[in-house]
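Using the numbering used here, the first residue of the sequence shown is number -2, and each one after it goes up by one.
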Amino acid sequence: MSDKQIDIIIIGAGIAGLSAGCYAQMNGYRTQIFEMHNLPGGLCTAWNRKGYVFDGCIHYLFGSGKNQPFYQMWEELGAVQGRQFIDHDEFMRIVAPDGKTLIVYTDPDRLERHMLSLSPRDSKLIKEFCAGIWDFTDFDMSLLLQKPKALMGLGDWLHLGTKMLPFLGLLNKWGNISASEFAKRFHDPFLRYAVAQMFAWESIPMMVGMSLLAYMYNKNAGFPVGASLEFAKAIEKRYLELGGKIYYSSQVERIIVKNNQAYGVRLYNNQEYYAHRVISACDGRGTIFDMLGGQFLNHKIKKLYDGHLPLHSQLQVSLGLNRDLSKEPHWVTYILNKPIIIAGEKRYEIGVKHYCFDHSLAPAGKSVMIIMLSTPYDYWQRIYGRPLYDAEQIQESQILIDQLEQFYPGIKADIEFMDVATPLSYERYTGNWQGASCGWLLGKETMSMMIAGMEKTLPGLDNFYMIGQWVEPGGSVPIVAMSGRNIIQQICYEDEKKFIVLELL
Ligand SMILES: Cc1cc2nc3c(=O)[nH]c(=O)nc-3n(C[C@H](O)[C@H](O)[C@H](O)COP(=O)(O)OP(=O)(O)OC[C@H]3O[C@@H](n4cnc5c(N)ncnc54)[C@H](O)[C@@H]3O)c2cc1C
-2 MSDKQIDIII IGAGIAGLSA GCYAQMNGYR TQIFEMHNLP GGLCTAWNRK
48 GYVFDGCIHY LFGSGKNQPF YQMWEELGAV QGRQFIDHDE FMRIVAPDGK
98 TLIVYTDPDR LERHMLSLSP RDSKLIKEFC AGIWDFTDFD MSLLLQKPKA
148 LMGLGDWLHL GTKMLPFLGL LNKWGNISAS EFAKRFHDPF LRYAVAQMFA
198 WESIPMMVGM SLLAYMYNKN AGFPVGASLE FAKAIEKRYL ELGGKIYYSS
248 QVERIIVKNN QAYGVRLYNN QEYYAHRVIS ACDGRGTIFD MLGGQFLNHK
298 IKKLYDGHLP LHSQLQVSLG LNRDLSKEPH WVTYILNKPI IIAGEKRYEI
348 GVKHYCFDHS LAPAGKSVMI IMLSTPYDYW QRIYGRPLYD AEQIQESQIL
398 IDQLEQFYPG IKADIEFMDV ATPLSYERYT GNWQGASCGW LLGKETMSMM
448 IAGMEKTLPG LDNFYMIGQW VEPGGSVPIV AMSGRNIIQQ ICYEDEKKFI
498 VLELL
């Protein structure tokens, strides 16, 4: 063993890696984080350009409400103290070409009244849906993650079972149906279309969308003022204050293995660092197949990465506008009267969001606006490295801006800055396979993986763990932070130590 050896090396200073680092330091482990970028946060990020701050992540943060699910963890990580959150009365609007609008209010009663006014003949379905949202306001999803599944004894399962029992019917009813399937139950043609779009993601299990509205109603799913990078930096600060060390611009090429035990990491610059344990808090595929050379696999893992599971890759056009949009609804999905072709696919709607609710993100009287679309990774990958790639980004953004002009006349002339992020940008910036925004996208198969919990180790490899969005289907900032917390609970258990949390004074 080398004298350079420390207790735990963590690969990745995204939210999962930072969280694991904080809890490890609290429990007396000496840790180092290696991050390929020069900033913390990973996908939880934002970028400053010409006086504008473009957020690339958090639309809603579970745990933003004091004493509500996930809040305590954020307090432990120093992420919420002194931070202001914006809570919206409406999640988004879906606007048809004829102006007909579904406003997705976060208050279930208000949403019910509004939907009934749009379609009285769908009254039974609307009431059932809104009553379901009310039920989810009492649902504490953090309970599912409060202890690593591997450590749960009979007593823990009984406790969890008792807490979950009242919700089993609800989860069964709304966990197995997607927004697009649910929309088909409506008689009203507009709602049949708009309900599928109401969470900006058609295949979302209704249970997830309804919990989101319920948490928004509870004021426990706010937007952090200052944007996502500032939020991540608060956890970085906590980690450094706890004595941790981050090596930035330090990309790990290989995980060093000796006698089937993880022993350290080798960076691209050939430097080696050693530790008793290694935690990978970054892309799952890169970890297993590149950094470990595909040596620690079984049939289940090979299947996981064979490309059959859903991922979400996104195109984001960010605009700095010399126009005040604060009187406009902040998030609108426009249904187009004629489809447009973006990245080789016909698109029938576009999502547009402005951030005037947070005055810190644009100069006074100006606005940040983003256009978001899910987009096929393969398309962008095929053209990457060719002149077509840059030309295509410009062309696709022009098509989107032409559409925008129809909804906000004159807006083209107000554009002061434009920036385009394709799935390749996300992949380059964070290393995530296909630029995936949340690891495995939640759908029917991945929901059951989420509930059962995924393995955090690899077969035949000791002293090695995986955390973050590739082992917590659906990802999300609070869930990956929990993932970091849980792995340290597990390590403490292996070392027969009591897991402790240090309060932030
Ligand atoms: C557009 C968008 C919107 C989102 N909206 C929300 C939302 O509203 N609410 C919410 O809760 N979640 C949201 N998410 C999801 C959430 O951001 C992610 O699930 C979560 O941040 C993933 O964290 P992670 O730590 O697991 O992984 P990552 O953030 O990917 O972190 C991994 C880190 O590892 C580093 N790394 C990778 N490879 C190496 C290497 N070889 N060596 C060293 N370092 C390496 C990367 O640079 C990165 O910093 C959104 C994501 C996106 C992209």
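For glycine and all other residues, C-beta sits at the position ideal for the given N, C-alpha and C. Since the model is a prediction, treat every value here as computed from it, not as a measurement.
Contact check, residue i vs residue j, beta carbons under 8 Å
{"i": "K254", "j": "I6", "result": "Checking the sequence shown, residue 254 turns out to be Val, not Lys. Not a contact, by the Cβ cut-off of 8 Å."}
{"i": "A272", "j": "D4", "result": "yes"}
{"i": "A176", "j": "A193", "result": "yes"}
{"i": "H509", "j": "L306", "result": "Within the shown structure, residues of the chain are numbered from -2 to 502, placing residue 509 beyond reach of any answer."}
{"i": "M70", "j": "L499", "result": "no"}
{"i": "M415", "j": "V349", "result": "no"}
{"i": "M444", "j": "G166", "result": "no"}
{"i": "K528", "j": "D153", "result": "Absent from the model: residue 528. The displayed extent of the chain is -2 to 502, so no value can be given."}
{"i": "L333", "j": "P94", "result": "yes"}
{"i": "A340", "j": "T372", "result": "yes"}
{"i": "F59", "j": "Y212", "result": "yes"}
{"i": "L40", "j": "N429", "result": "yes"}
{"i": "L312", "j": "L401", "result": "no"}
{"i": "L142", "j": "N483", "result": "yes"}
{"i": "Q431", "j": "S310", "result": "yes"}
{"i": "I396", "j": "E389", "result": "no"}
{"i": "I485", "j": "A43", "result": "no"}
{"i": "Y236", "j": "G18", "result": "yes"}
{"i": "G317", "j": "A361", "result": "no"}
{"i": "R282", "j": "R263", "result": "no"}
{"i": "L439", "j": "M451", "result": "no"}
{"i": "G436", "j": "I232", "result": "no"}
{"i": "G471", "j": "S16", "result": "no"}
{"i": "A433", "j": "L294", "result": "no"}
Residue range of the unbroken beta strand (DSSP E) whose run includes residue i
{"i": "M369", "result": "S364 to S371"}
{"i": "E26", "result": "Looking at the sequence itself, residue 26 is Tyr, so the reference to Glu does not match. Looking at the DSSP string, Y26 is not in any beta strand (DSSP E), and its letter there is neither H nor E."}
{"i": "S357", "result": "Counting along the chain, S357 falls outside any beta strand (DSSP E), and DSSP gives it neither H nor E."}
{"i": "P221", "result": "A218 to P221"}
{"i": "E491", "result": "Where E491 is concerned, there is no enclosing beta strand (DSSP E), although the alpha helix (DSSP H) it sits in stretches over V474 to E491."}
{"i": "K299", "result": "Note, K299: premise wrong, no beta strand (DSSP E); alpha helix (DSSP H) at H296 to L301."}
{"i": "Y190", "result": "Where Y190 is concerned, there is no enclosing beta strand (DSSP E), although the alpha helix (DSSP H) it sits in stretches over P186 to Q194."}
{"i": "A176", "result": "No beta strand (DSSP E) holds A176; the alpha helix (DSSP H) holding it covers A176 to A180."}
{"i": "E342", "result": "E342 to H351"}
{"i": "G62", "result": "Looking at the DSSP string, G62 is not in any beta strand (DSSP E), and its letter there is neither H nor E."}
{"i": "M33", "result": "No beta strand (DSSP E) holds M33; DSSP gives it neither H nor E."}
{"i": "K335", "result": "W328 to I339"}
{"i": "M313", "result": "Reading off the sequence, residue 313 comes out as Gln, not Met. Q311 to L318 is the extent of the beta strand (DSSP E) around Q313."}
{"i": "I7", "result": "I3 to I8"}
Residue i CB to nearest heavy atom of ligand 1 below 7 Å
{"i": "E32", "result": "yes"}
{"i": "N429", "result": "yes"}
{"i": "S61", "result": "no"}
{"i": "S434", "result": "yes"}
{"i": "P66", "result": "no"}
{"i": "A10", "result": "yes"}
{"i": "D459", "result": "no"}
{"i": "I398", "result": "no"}
{"i": "V477", "result": "yes"}
{"i": "G440", "result": "no"}
{"i": "S247", "result": "yes"}
{"i": "D355", "result": "no"}
{"i": "H85", "result": "no"}
{"i": "I232", "result": "no"}
{"i": "V474", "result": "yes"}
{"i": "G14", "result": "yes"}
Enclosing alpha helix (DSSP H) for residue i [first to last residue]
{"i": "H111", "result": "P105 to L115"}
{"i": "L499", "result": "Note, L499: premise wrong, no alpha helix (DSSP H); not H, not E."}
{"i": "L237", "result": "S225 to E238"}
{"i": "L514", "result": "Here the chain comprises residues numbered -2 to 502, so residue 514 is not present and cannot be evaluated."}
{"i": "G206", "result": "M203 to Y214"}
{"i": "D137", "result": "From DSSP, D137 is part of no alpha helix (DSSP H); its letter is neither H nor E."}
{"i": "N169", "result": "L165 to G172"}
{"i": "E72", "result": "Y68 to E73"}
Any chain B beta carbon closer than 8 Å to residue i
{"i": "I276", "result": "This model lacks chain B altogether; it includes just one protein chain."}
Cβ-heavy atom distance, residue i to ligand 3, below 7 Å
{"i": "C19", "result": "For ligand 3, the structure offers nothing, since it holds only ligand 1."}
| field | Given 8 Å, three or more beta-carbon pairs between the region 223 to 242 and the region 7 to 23 | value | yes
| said: Pairs of beta-carbons, one from the region 352 to 363 and one from the region 217 to 227, closer than 8 Å: are there three or more? | reply: yes
| At least three beta-carbon pairs within less than 8 Å, the region 47 to 56 to the region 282 to 296 | no
| query | For the region 380 to 468, which segments carrying the beta strand (DSSP E) assignment without a break, of at least 3 residues, lie completely within its bounds, in sequence order? | reply | 412 to 418 and 461 to 463
| request: Could you say if the region 202 to 220 and the region 52 to 67 meet the contact criterion of at least three C-beta pairs nearer than 8 Å? | output: yes
| query | Between the region 115 to 135 and the region 178 to 186, are three or more C-beta pairs nearer than 8 Å? | reply | yes
| task | Return the chain-ordered ranges of every alpha helix (DSSP H) run that is complete within the region 251 to 305 and spans a minimum of 4 residues. | result | 296 to 301
| Using 8 Å as the threshold, is the region 126 to 140 in touch with the region 100 to 112, meaning 3 or more CB pairs across them? | yes
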